[in-house]
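Chemist: Pasting in a structure now, in structure tokens, and then I'll have a few things to ask.
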Amino acid sequence: MIRPTSFVLAALLAARGSTAECTSPGGRKAWHTLSDSEKLAYIDAELCLMNKPATLDLPGARTRFDEFQAVHQLQAYSTHFVGAFLPFHRALLHAHESALRTECGYEGYQPYWQEQLDAGNFQASVVFNDTHGFGGGGGANGCISTGPFADYVNSLGPGYEVTDHCINRQINDRISLGSSQAQVDNCLSKTTWATAWSCIEGQPHSGGHLGVGGQMSNGVSSPGDPLFYLHHTWLDKIWWDWQALDRTERVSEAGMGGANVGPDFLPGFPPRPSHIPKPTGADGDPGTETTFGHVLNMYGNSPNVTIGMVMDIQGDHLCYEYIEP
Ligand SMILES: [Cu+2]
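In mature numbering (1 follows the signal peptide of the UniProt record, and there is no 0), the protein residues as written are -20 to -1, 1 to 305.
Listed below in structure tokens is the structure:
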């Protein structure tokens, strides 16, 4: 629980926007531009999270890697189809990147998957390389059987279930067309937060999730596939590219809004089981609109932050940049 004084402080910090404090932003690069040794460093750090025991009491999570998935699973219904969709995922990605660096000795930054290069032909993407990537598509049973993550036993998912299973994929080239440059450009052309956010959450978001398929296509448990982080970092870049077109305006309150409580049943999502409480809005919003004060609940996996704190990627809280491929 964040005390009201922290809200005020966070709001003041957020209102100041970017400051001189972010002098050397971490460079987030496209996966296909990394050297082989940079790719292996990232994969090794992810394997390190997968080998570290869980430190929180989140249901079903056995490893540090699982805990990030659990944070997403527990509140899927309050972080999708709401104003907090992009801010929540930005905060989760930052927490993941920070854990790789502070807990696993990773010296790089969170890479992204430049999906438009592979749209319509995901099968051939370098991200599925077995030795310098995330392994291939699923075999007959859907389980990935090659690459560094083939042996990982997911304990969370599918959906809200807590069951041991493999990481699975079912790559679909036709559906992956949703990640095309045309879809990205369409979202970048939107002139308001509401239309830009719903555009990004619609097509480029779905193109990557459903084009990879399997665990990635599950709106609740998708962070069980480590590719999730590269997909969502690409979406975060699209959001930032949109914000940067009119930065002062789009990192301000004018760049936020939308409902803070989603529909009872999310399209394409597994139904919310009774032990997951119905979202009732968030701490920090005075009403039903998503505001800067909206607290993003990270369940102890990382410090809670307000949306205002993550609006600018080069502000007081975040300090990174996107390197164009
Ligand atoms: Cu999500």
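Ideal Cβ placement from N, Cα and C applies to all residues, glycine included.
What did DSSP end up calling R252 once you bin it into helix, strand or coil?
Modeler: On the sequence shown, position 272 is the one that residue 252 refers to. If DSSP states are grouped into helix, strand and coil, R252 belongs with coil.
Chemist: Where V290 and A130 are concerned, what is the direct C-alpha to C-alpha distance, given to the nearest angstrom?
Modeler: Along the sequence shown, one-based indexing puts residue 290 at 310. Along the sequence shown, one-based indexing puts residue 130 at 150. Approximately 34 angstroms between the Cα atoms of the pair.
Chemist: Does the contact criterion of 3 or more C-beta pairs under 8 angstroms hold for the stretch 192 to 207 versus the stretch 235 to 245?
Modeler: The stretch 192 to 207, when compared against the stretch 235 to 245, does not touch it at the 8 angstroms Cβ threshold.
Chemist: With contact counted as at least three CB pairs below 8 angstroms, one residue from each stretch, are the stretch 163 to 171 and the stretch 53 to 73 in contact?
Modeler: In short, these stretches do not touch, since the Cβ pair count stays below three.
Chemist: Can you list every residue whose CB sits closer than 6 angstroms to some heavy atom of ligand 1, going in chain order?
Modeler: Here the list is H52, H60, H69.
Chemist: Using only CA atoms, which one of I293, D216, T111, P184 lies nearest to A162?
Modeler: In the sequence shown, the residue the question calls residue 162 occupies position 182. When only C-alpha atoms are compared, the closest one is P184.
Chemist: Quickly, what does DSSP pair H142 with across the bridge? List them, please.
Modeler: Along the sequence shown, one-based indexing puts residue 142 at 162. Checking the displayed sequence, the identity of residue 142 turns out to be Val instead of His. Answer is G137.
Chemist: Classify L80 as helix, strand or coil using the three-state DSSP reduction.
Modeler: The residue you call residue 80 lines up with position 100 of the sequence shown. DSSP places L80 in helix when its eight states are reduced to three.
Chemist: Excluding the 5 residues preceding and the 5 following L(-9) in the sequence, name in chain order all residues of the same chain whose CB lies nearer than 6 angstroms to its CB.
Modeler: By 1-based counting over the sequence shown, the position of residue -9 is 12. Residue placement at L(-9) cannot be trusted, given a pLDDT of 43 that sits under 50; what the coordinates show is reported in the next sentence. Taken in chain order, the list of residues that qualify is empty.
Chemist: What did DSSP end up calling Y92 once you bin it into helix, strand or coil?
Modeler: Position 112 of the sequence shown holds residue 92. Strand.
Chemist: Please give me, in chain order, every unbroken run of the alpha helix (DSSP H) with length at least 4 that falls completely inside the stretch 30 to 75.
Modeler: Listed in chain order, the complete alpha helix (DSSP H) runs (minimum 4 residues) inside the stretch 30 to 75 are 44 to 54, 56 to 59.
Chemist: What are the boundary residues of the beta strand (DSSP E) that includes E181?
Modeler: The sequence position of residue 181 within the sequence shown is 201, counting from 1. Counting along the chain, E181 falls outside any beta strand (DSSP E), though it belongs to the alpha helix (DSSP H) covering 173 to 192.
Chemist: Which residues bound the beta strand (DSSP E) around E269?
Modeler: Mapped onto the sequence shown, residue 269 falls at position 289. Segment: none, E269 is in no beta strand (DSSP E) and carries neither H nor E.
Chemist: Under the three-state reduction of DSSP, which class applies to T286: helix, strand or coil?
Modeler: Locating residue 286 in the sequence shown gives position 306, counting from the first residue. T286: strand per DSSP, three-state reduction.
Chemist: Going by C-alpha distance, which of N101, Q195, L136 is nearest S156?
Modeler: By one-based count along the sequence shown, residue 156 stands at place 176. Checking every option, the nearest Cα to that of S156 belongs to N101.
Chemist: Which term fits E1, buried or exposed, when burial requires 16 or more other beta carbons within 10 angstroms of its beta carbon?
Modeler: Here residue 1 refers to the residue found at position 21 of the sequence shown. Per the 10 Å Cβ criterion, exposed.
Chemist: Helix, strand or coil for N166? Go by DSSP, reduced to three states.
Modeler: Counting from one through the sequence shown, the residue named residue 166 turns up at place 186. N166: helix per DSSP, three-state reduction.
Chemist: Which of the three DSSP states, helix, strand or coil, is assigned to D8?
Modeler: Position 28 of the sequence shown, counted from the first residue, corresponds to residue 8. Per the sequence presented here, residue 8 reads as Arg, with Asp not at that position. If DSSP states are grouped into helix, strand and coil, R8 belongs with the strands.
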